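K.L.:
Numbering (the working numbering), first residue to last: 19 to 365.
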Ligand code: PHE
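#1: To the nearest angstrom, how far is the alpha carbon of residue 214 from that of residue 108?
#2: Kindly say whether residue 338, judged by its beta-carbon, lies nearer than 8 Å to any beta-carbon of chain C.
#3: Taking residue 322 as the reference, which of 287, 156 and 196 has the closest Cα?
#4: Expressed to the nearest angstrom, what Euclidean distance is found between the alpha-carbon atoms of residue 243 and residue 291?
#5: Okay, do the segment 198-206 and the segment 230-248 touch, 3+ Cβ pairs below 8 Å being the bar?
#6: Quick one: what's got a C-beta closer than 8 Å to residue 229's C-beta in the same chain, skipping five residues either side?
#7: Considering only residues of the same chain and omitting the five flanking positions on each side of residue 163, which have a CB-CB separation below 8 Å?
#8: According to DSSP, which residues form a beta bridge with residue 295?
#9: In terms of DSSP beta bridges, what is residue 145 paired with?
#10: Using a Cβ-based criterion (distance less than 7 Å to any ligand heavy atom), does residue 334 qualify as near the ligand PHE?
#11: Tell me whether residue 258 sits in a helix, a strand or coil according to DSSP, three-state version.
#12: Using only CA atoms, which one of 94, 276, 56 and 223 lies nearest to residue 39?
#13: Taking its Cβ as the centre, do 16 or more other Cβ atoms sit within 10 Å of residue 90, making it buried, or is it exposed?
#14: Taking just the CA atoms, how far does residue 101 sit from residue 54?
#15: Given 8 Å as the limit, is there contact between the segment 341-352 and the segment 280-291, that is, 3 or more CB pairs closer than that?
#16: Look at residue 151 and residue 209 and say whether their C-beta atoms are less than 8 Å apart.
#17: Residue ranges of each beta strand (DSSP E) run of no fewer than 3 residues wholly in the segment 292-333, ordered along the chain?
#18: Report yes if the CB atom of residue 250 is closer than 8 Å to the CB atom of residue 280, and no otherwise.
#19: Closer than 8 Å is the cut-off here; do at least three beta carbon pairs connect the segment 55-64 with the segment 112-126?
Encoded structure:
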């Protein structure tokens, strides 16, 4: 038995010396010290020894176990230290490598101009509100005095969701006039910017989705002079005091009288042509239409429970993209939606 124990010790110590990873060490622990291991197997034979031999062999067995355990602990520590060293080497970081610069973005140019416009109107006492893009035909058309059969209600112009033509993508922000007058009483002063949708082909000044800024003022004694004053003020604040604008008579079912306001084309400066070619930004007009406006139609006031004998008001709908084009000297509206960073970085 003595030889057996000595052999186990020698073999175990040699094997532990040669082991290089944690799994090999664990296998050796099981092989020698485990419940079914070699040392345990020898100890089980103890009972067969004589009374004198038993304590001697017992002691020897204990030192063998202690030696193996100690060697195992040392080998484990060594393997772990090696593993740590290898990891540290592999994970070395070169702190002298230059950092990756963080690219700072900024507001989209159209939002910059929107913010500018909102600030100016807020300064004049307007309340800025938001409204639904999916709208009812009754708000988008009917209560705005746009009768059945009006061309703008046609399926070739408007995106409808249902067969009865009752739910649609709003074609203008004007339904916000109704929504606001339904919930507020005069005097009132509202600004409602947002997306609108029309079945338009995209070109330099058209897009099937664009933004409008609706304005509405209703109080006693509001006149067309107030409307012109408000619009000229805002144009001068955006474009400077030499801003060239013109008003043209127009027709909208929900305002009477109605007008449109144009801004002189920033590309051809009203000439209509550049280097002998028709100006592509204004299609040769020399002017770019920026907004529709007018005095709120008495019928529309009545539709919202407001007495047209007592109150009057004006409304306008500004085309945001076109206003931004003039403000930032952008020649093609599609650039605003392309989101090419080479374009966006210029602002
Ligand atoms: N909603 C009209 C349009 O989209 C513009 C407008 C707004 C006209 C308010 C008059 C008053 O063309």
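By construction, the Cβ of each residue, glycine as well, lies at the ideal position given by its N, Cα and C atoms. This one's a predicted model, so the numbers in the text were calculated from it and none came from an experiment.
P.N.:
Checking against the coordinates, here is how it stands:
#1: Each residue's Cα considered, the two are about 57 Å apart.
#2: Looking at the structure shown, chain C is missing, and only one protein chain is on hand.
#3: Put simply, of 287, 156 and 196 the residue whose alpha carbon is nearest the alpha carbon of residue 322 is 196.
#4: Taking the straight line joining both Cα atoms gives about 33 Å.
#5: Yes, since at least three Cβ pairs between the segment 198-206 and the segment 230-248 fall closer than 8 Å, the two stretches touch.
#6: Within the same chain, residue 229 has close Cβ partners 128, 132, 211, 212, 213, 214, 337, 338 and 339.
#7: Sequence-distant partners of residue 163 (beyond 5 residues in either direction) whose C-beta falls short of 8 Å from its own C-beta, in its chain, are 271, 272, 315, 317, 318 and 321.
#8: Partner(s): 292.
#9: Bridge partners of residue 145: 208.
#10: Flag set: Cβ of residue 334 near the ligand PHE.
#11: Note: residue 258 maps to coil in three-state DSSP.
#12: Answer by Cα proximity: 94.
#13: Residue 90 is buried by the Cβ-count criterion.
#14: Their Cα atoms are separated by approximately 30 Å.
#15: Taking 8 Å as the limit for Cβ pairs, the verdict is that the segment 280-291 does touch the segment 341-352.
#16: Cβ atoms of residue 151 and residue 209: not closer than 8 Å.
#17: You should have 305-314.
#18: Contact flag unset, no.
#19: Taking a cut-off of 8 Å on C-beta distances, the segment 55-64 does not touch the segment 112-126, as fewer than three cross pairs fall below it.
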